[in-house]
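First the structure, in the form of structure tokens, and then the observations on it.
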Amino acid sequence: MMLLVISIGTILVAFDLYALSILDIPMMNAISLGLSFLLLPIIIFTAINDGILGVLAYILSTIGLFKSMKYGLGDIFRRRTEHVSFFLYLLLPITVFFLVNDVYSIFEAVTYISMVTNFFLNAIAAAALLRVAITRFIKRRSWIYQLLISIFALASNTIIIILNIQSGIPIFVYIFLSWIIIGFFVSSIIETVKKIKEEMKEESNHP
Numbered sequence: 001m002m003l004l005v006i007s008i009g010t011i012l013v014a015f016d017l018y019a020l021s022i023l024d025i026p027m028m029n030a031i032s033l034g035l036s037f038l039l040l041p042i043i044i045f046t047a048i049n050d051g052i053l054g055v056l057a058y059i060l061s062t063i064g065l066f067k068s069m070k071y072g073l074g075d076i077f078r079r080r081t082e083h084v085s086f087f088l089y090l091l092l093p094i095t096v097f098f099l100v101n102d103v104y105s106i107f108e109a110v111t112y113i114s115m116v117t118n119f120f121l122n123a124i125a126a127a128a129l130l131r132v133a134i135t136r137f138i139k140r141r142s143w144i145y146q147l148l149i150s151i152f153a154l155a156s157n158t159i160i161i162i163l164n165i166q167s168g169i170p171i172f173v174y175i176f177l178s179w180i181i182i183g184f185f186v187s188s189i190i191e192t193v194k195k196i197k198e199e200m201k202e203e204s205n206h207p
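Position 207 (the sequence shown) corresponds to 207 in the working numbering; numbering is contiguous.
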């Protein structure tokens, strides 16, 4: 199932998005123009694959959030500031909306970042599959097709990400890259703090 999600899902998503982009036809308009008989199976299968990846990404992000809060990352949000924090969290999205003053631009930015992030998650999954396939291949417990599929999935997703970054609006690209960099930076800090606490605990247990 994982192989089908990574390989077939990536191909269908790329084919569907770029074909409609070249034809300059929105998704719903293409379905309503009498192409539903041909496009509906592809769209349904693509939606299922994206849904599976979305659920996996949501589960991983939720687990990461709980793990980060365990090490005190969410303490700042748990402080008792009466009703001040509530109004701050409420005013933040409203302020962003009025500063941008364009609902379509906000939707376009969120859609672009979500799409590139989806391909980025596909690339990470393909890289993880490639690592497992190489390990099993070295131990002579794997077939060559696992290596080929993982390499193809990783290469195709990487190419799609590069093409999207080249053709995307610079501010959207900067937001996506900044989000990735900040995520790696925060995760490295959490891992470092965890290792320091473990070392201090070992030193206290062995005086």
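Ideal placement from N, C-alpha and C gives every residue a C-beta, glycine not left out. What you are looking at is a predicted structure, and each value in this text was computed from that prediction instead of being measured.
With distances taken between CB atoms, is the gap from residue i to residue j smaller than 8 Å?
i	j	result
serine 150	leucine 121	no
alanine 133	leucine 147	yes
Suppose you measure from the CA of residue i to the CA of residue j; what does that come to, to the nearest Å?
i	j	result
leucine 154	glutamate 202	40 Å
tyrosine 112	phenylalanine 172	7 Å
asparagine 157	leucine 177	16 Å
isoleucine 242	valine 116	Outside the shown range of the chain, which is 1 to 207, sits residue 242, and nothing can be said about it.
methionine 1	proline 41	Since pLDDT at methionine 1 reaches only 48, below the 50 mark, its modelled position is unreliable, and no value is offered.
glycine 168	isoleucine 180	16 Å
phenylalanine 184	isoleucine 175	14 Å
leucine 163	phenylalanine 119	11 Å
serine 114	phenylalanine 137	34 Å
lysine 195	threonine 135	27 Å
phenylalanine 45	isoleucine 52	11 Å
isoleucine 165	methionine 200	43 Å
lysine 197	glutamate 191	10 Å
phenylalanine 107	serine 204	53 Å
isoleucine 189	isoleucine 48	35 Å
phenylalanine 98	serine 187	32 Å
threonine 95	valine 193	35 Å
isoleucine 182	serine 105	23 Å
Between the Cα of residue i and those of the options, spot the shortest distance and give me the residue it belongs to.
i	options	result
alanine 123	Phe107, Ile159 and Ser204	Ile159
alanine 109	Ala133, Thr135 and Pro170	Pro170
alanine 125	Ser187, Lys194, Ile48 and Phe152	Phe152
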